[in-house]
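Mapped onto this note's numbering, the consecutive letters of the sequence shown carry residue numbers 535 to 622. One structure below.
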Amino acid sequence: VDGVLLGLVVEEVAVGMHHVVVVASRLGLHGRQQQEEVRRSRLLAWGKGGAGQLGLDQLKDYNQPQAITAIDGRRVLHIACGGSHTFA
């Protein structure tokens, strides 16, 4: 794995008709008992995005995972995709 997914653990995957969204995180190196506190989740999307289903600034297609920055700083609990939509 390379690119934006390098060094991340994919925790959840949701697939729409022509797009993919994943929750991925990088764990801090502070011991097992503190993993939940130092976990930093990222929401990434790629595929067809003409209907805004990727949650990115531009309505276009992406072949590589792109970080969805609109929800930075918030913990994503679950994700779901449909034909042309995504929920987080």
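Note that beta-carbon positions come from the ideal geometry of N, C-alpha and C, so glycine has one too.
Whole-angstrom distance between A601 and L578, CA atom to CA atom = 4 Å
Is Q600 near the ligand HEM, in the sense that its beta carbon is under 7 Å from a heavy atom of that ligand?
-> Because no ligand of any kind appears in the structure shown, any question about the ligand HEM cannot be addressed here.
State yes or no: is the C-beta of K582 within less than 8 Å of the C-beta of H619?
-> no
Would a C-beta distance cut-off of 8 Å place S575 and V544 closer than the cut-off?
-> no
What is the rounded straight-line gap between the Cα of A548 and the Cα of A604?
-> 18 Å
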